[in-house]
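Numbering-wise (our numbering), the sequence shown opens with residue 1 and increments by one.
Have a look at the structure below, then the notes.
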Amino acid sequence: MSDKAFYADVLCMVPVWVTAMESNLVLAPYEENTCSKVVFPKPEGGISVAEYLNTLGIKTSLYGFAGGKTGELMKNHYEKLGINTVFEDTEREISFKTVINYPTGQSTSYVFNDLEHITVSKYFSLLKKINNRQHKPDCMIITGKSPFGLEKGIYADIIRSSKQKNVPVITDFSGYELLNAMKESPSLIVCDYSDLANMTQRSIESYSDALSALRIMPKDTAIMCVCGTKGAILYCNSFFGLCQWRKNGIANPYAKSALIAGFLSACDYSSCDLEYALKYACACFQASDMYGNLADKGEIKKYFTEMTVKIY
1 MSDKAFYADV LCMVPVWVTA MESNLVLAPY EENTCSKVVF PKPEGGISVA EYLNTLGIKT
61 SLYGFAGGKT GELMKNHYEK LGINTVFEDT EREISFKTVI NYPTGQSTSY VFNDLEHITV
121 SKYFSLLKKI NNRQHKPDCM IITGKSPFGL EKGIYADIIR SSKQKNVPVI TDFSGYELLN
181 AMKESPSLIV CDYSDLANMT QRSIESYSDA LSALRIMPKD TAIMCVCGTK GAILYCNSFF
241 GLCQWRKNGI ANPYAKSALI AGFLSACDYS SCDLEYALKY ACACFQASDM YGNLADKGEI
301 KKYFTEMTVK IY
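See below:
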């Protein structure tokens, strides 16, 4: 384990806050909703990697756009955890989602999008804050979609700028931005079957499809492909391994963030033992739940012992 404290920066430009409601009833259309409880979990998706890193002992700063009462709620949430937040104020509410979970296991989502357009001046103001940071992070994680109203390719610019400062970049986003970012060769791309299919122009529906597709990818960028809720593949120079667990996990919007945080934490702890890091990452993936909670280290260790890695 390194004597130097590991420091990670997380950039999530357009965060989404989630409110979850647990319903007692299976509702018919137009029937009044009756909920047993309302919980305020955590920001959805990739931005949660900041909280998981913090939980696993990694010092973290979080950058992005936030506004309104929901943005203030999110900022306070992270600041109370000891995560440094550097948000550009947008004056408009950040997006938030209300999820109603039914006893049948089904759910219904309602999304409120107000933070749809970010001006160029706001973007450059945030970029200036990133470039003027007092610390040099050990890595930067870029996650989530890019804002409407900005030119495509902004993530590629940020990757290029970070690499010029010798800061490794991990990406966790999809679509055009991912294809564009690939040209800048980030240190690690975290993706799923659909992302890998877009990158390789192949049909990816299984482990074997993913393994075959990864073999044709450039070797200058490591790739971690999430195989649904069953495991993950790590393709990194001389290392090519598939980690599986015995039982399928539960799909949730926070699992990939837990995977990234677990991988970074384990890489720091083990001095980049990739087999160990892949197993620990998958253990964290399985130890996260649909409300953004990560099990304690004892539970993660239990999952870790159940993991199997096949090296290719």
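Note that CB positions come from ideal geometry on N, CA and C, so glycine has one too.
For residue i, count neighbouring Cβ atoms within 10 angstroms of its own Cβ and tell me buried if that reaches 16, exposed if not.
i: PHE148; result: exposed
i: LEU264; result: buried
i: ASP172; result: buried
i: TYR110; result: exposed
i: THR60; result: buried
i: GLU151; result: exposed
i: THR308; result: exposed
i: ILE300; result: buried
i: CYS284; result: buried
i: THR221; result: buried
i: PRO103; result: exposed
i: TYR303; result: buried
i: SER206; result: exposed
Bridge partners of residue i, per DSSP?
i: SER288; result: LEU294
i: GLN244; result: GLY231, THR308
i: MET140; result: ASP9, VAL169
i: GLU88; result: PHE65
Have a look at residue i and residue j and give me their C-alpha separation to the nearest angstrom.
i: ALA232; j: LEU242; result: 6 Å
i: THR305; j: PHE124; result: 46 Å
i: CYS225; j: VAL167; result: 22 Å
i: THR143; j: CYS12; result: 5 Å
i: ASP296; j: MET290; result: 16 Å
i: LEU294; j: HIS135; result: 28 Å
i: CYS282; j: GLY228; result: 12 Å
i: MET21; j: SER270; result: 40 Å
i: ASN76; j: LEU126; result: 19 Å
i: LYS183; j: LYS80; result: 38 Å
i: VAL18; j: ASP209; result: 34 Å
i: LEU234; j: LEU56; result: 21 Å
i: SER23; j: THR108; result: 11 Å
i: GLN286; j: ILE250; result: 8 Å
If you follow the beta strand (DSSP E) that residue i is part of, which residue opens it and which one closes it?
i: LEU81; result: Premise fails: LEU81 is in no beta strand (DSSP E) and is neither H nor E.
i: PHE352; result: Any question about residue 352 goes unanswered here, given that the chain covers just 1 to 312.
i: SER95; result: 95-101
i: MET21; result: 16-23
i: ILE223; result: 222-226
Apart from the five residues on each side of it in sequence, which residues of its chain come closer than 8 Å, Cβ to Cβ, to residue i?
i: LYS122; result: PHE65, GLU88, THR90
i: THR119; result: GLY149
i: ASN198; result: SER174, GLY175, LEU178, LEU179
i: SER2; result: For SER2, the pLDDT reaches just 48, beneath the cut-off of 50, and the residue's location in the model is therefore unreliable, leaving the point undetermined.
i: TYR219; result: According to the sequence provided, residue 219 is Lys. The question's Tyr does not apply to it. Within the same chain, LYS219 has close Cβ partners ASN237.
Could you name the residues of the same chain whose beta carbon sits closer than 6 Å to that of residue i, not counting the 5 residues immediately before and after it, in chain order?
i: PHE6; result: ILE58, ASP138, ASP268
i: ASN84; result: SER61
i: VAL16; result: GLU44, SER95, LYS97
i: LYS42; result: SER48, GLY292
i: ILE158; result: none
Counting along the chain, where does the alpha helix (DSSP H) carrying residue i start and finish?
i: SER194; result: 193-200
i: SER257; result: 255-270
i: SER187; result: From DSSP, SER187 is part of no alpha helix (DSSP H); its letter is neither H nor E.
i: SER161; result: 154-164
i: SER212; result: 207-214
i: THR55; result: 49-55
i: PHE124; result: 120-131
Going by beta carbon distance, what residues of the same chain come within less than 7 Å of residue i, once the five residues before and after it are set aside?
i: GLN244; result: LYS230, GLY231, THR308
i: SER288; result: ASN252, TYR254, ALA255, ALA258, LEU294
i: ILE260; result: VAL49, ILE141, ILE170, ASP172, VAL190
i: ALA8; result: LEU53, ILE58, THR60, PRO137, ASP138, CYS139, ILE141, LEU264
i: LEU196; result: ILE204, ALA210, ALA213, CYS225
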